[in-house]
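Report on one structure; see the data block that follows.
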Ligand SMILES: Cc1ncc(COP(=O)(O)O)c(C=O)c1O
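Residue numbers (my numbering): 57 to 442.
What follows is the structure, given as structure tokens:
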């Protein structure tokens, strides 16, 4: 979660560099003013290098990143895109915005996409799969990637929470044909608002780069107002201020993940022996970003009691169990596309996912943890679990 905790002199210096050299805030053009400062372009190059991908495109948010990635696919009316029932509402919003029908798979003990559920939902209309690494734990990518390959489906990873994590040594976001990231204020690195897409294929990158910029091909032989057009598109361009902050934050990412993992481990050590506490399942070979520490208890009543005890001790939970509404498809009655698919009543949909989520408790993990937290977690939770 806490790129924001480390915002400081380095981010300020990158911003100052823009203002000391012409103050151009637009990612394109103004070459005569900008004294060779290209913050968004540099950020894209450094980000791509950091995950070992050939192409990266910076955009205005993680939601925009998903929307632009879906624009690359030739989605036709009636096409379906499968994601998971436990994700932020943005994943499904992007699918709907792209003109596809959202289909949500059940989650398994990882609280990410259940590969068996994914298999059961594939139809001739399925176009793509968006696997999400919720709260920094990798989805079962070996299985999901294999299913996508066998069924000729495009895999996109929503790595909004996965920035800085990996599975089997391969960075999250780089397993799929495209991977998307969010740099909003709650993520491992932040640009205030912002996002990134990484691409395996140059053609996908070129299409997305034009589409996120009204179709501009940024043809170097003509001025921008005479530019050639690849397609219709939209405006999801990142600006130079965000690019500058991103450059500084990227250098801090591995420290953020290291500290989060260390703090998550000491929180877990303090509570792992409590009665009835079950850790979240983690795929073998995972290097989690450890944005949250998640465990399950016997039932929803116990999870809510845990929350109450944590609050009384001056601690908090994160998303689970109380704030699942923005993150669970079974509550999105404002999305007619989902409601229609589930016979008009989402209340009965996603039973297995609901049963897992209502028993889960998620604790926020930060970089600069107060060292009394592990002991206080133990004090609070042992009132309920012993
Ligand atoms: C899984 C997931 N996808 C996408 C997003 C959207 O990111 P943004 O807030 O940058 O639009 C979020 C944001 O929390 C998220 O959790």
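Cβ atoms here follow ideal geometry from the backbone N, Cα and C, with glycine treated the same way.
Assuming residue 214 and residue 314 form a contact by the criterion Cβ under 8 Å, report the distance between their Cβ atoms to the nearest whole angstrom. Residue 214 to residue 314, Cβ: 23 Å. No contact.
If you count every other CB in all the chains shown that lies within 10 Å of the CB of residue 163, and 16 or more means buried, which is it? buried
Residue 205: buried (16+ other C-beta within 10 angstroms of its C-beta) or exposed? exposed
Using a threshold of 8 Å, state whether the C-beta atoms of residue 139 and residue 292 are closer than that. no
Output yes or no for whether 8 Å exceeds the beta carbon distance between residue 284 and residue 273. yes
Could you tell me whether any non-hydrogen atom of ligand 1 is closer than 7 Å to the CB of residue 388? no
Between 326, 207, 173, 93, which lies nearest to residue 427 when the distance is taken from Cα to Cα? 326
Beta-ladder partner(s) of residue 291, from DSSP: 269
Segment limits, alpha helix (DSSP H) that includes residue 118: 118-128
So, do the region 100-109 and the region 250-270 have three or more beta carbon pairs nearer to each other than 8 Å? yes
Residue 98 versus residue 187 - alpha carbon distance: 28 Å
If we call anything under 8 Å between Cβ atoms a contact, is residue 384 one with residue 198? no
In DSSP terms, what residue 343 is bridged to: 222
Buried or exposed by the 16-neighbour rule on C-beta atoms within 10 Å, applied to residue 189: buried
For the region 160-233, which segments carrying the beta strand (DSSP E) assignment without a break, of at least 3 residues, lie completely within its bounds, in sequence order? 182-188, 210-214
Kindly examine ligand 1 and report whether one of its heavy atoms sits closer than 7 Å to the Cβ of residue 188. yes
Counting Cβ pairs closer than 8 Å, one from the region 83-102 and one from the region 210-228, do we hit at least three? no
Cβ pair residue 418, residue 367 closer than 8 Å: no
Any heavy atom of ligand 1 within a distance shorter than 7 Å of the CB on residue 249? yes
If you follow the beta strand (DSSP E) that residue 418 is in, where does it begin and where does it stop? 416-420
Straight-line gap, residue 171 to residue 201 (C-alpha atoms, nearest Å): 10 Å
Given the structure, does residue 214 come close to ligand 1, in the sense that its CB is under 7 Å from one of the ligand's heavy atoms? yes
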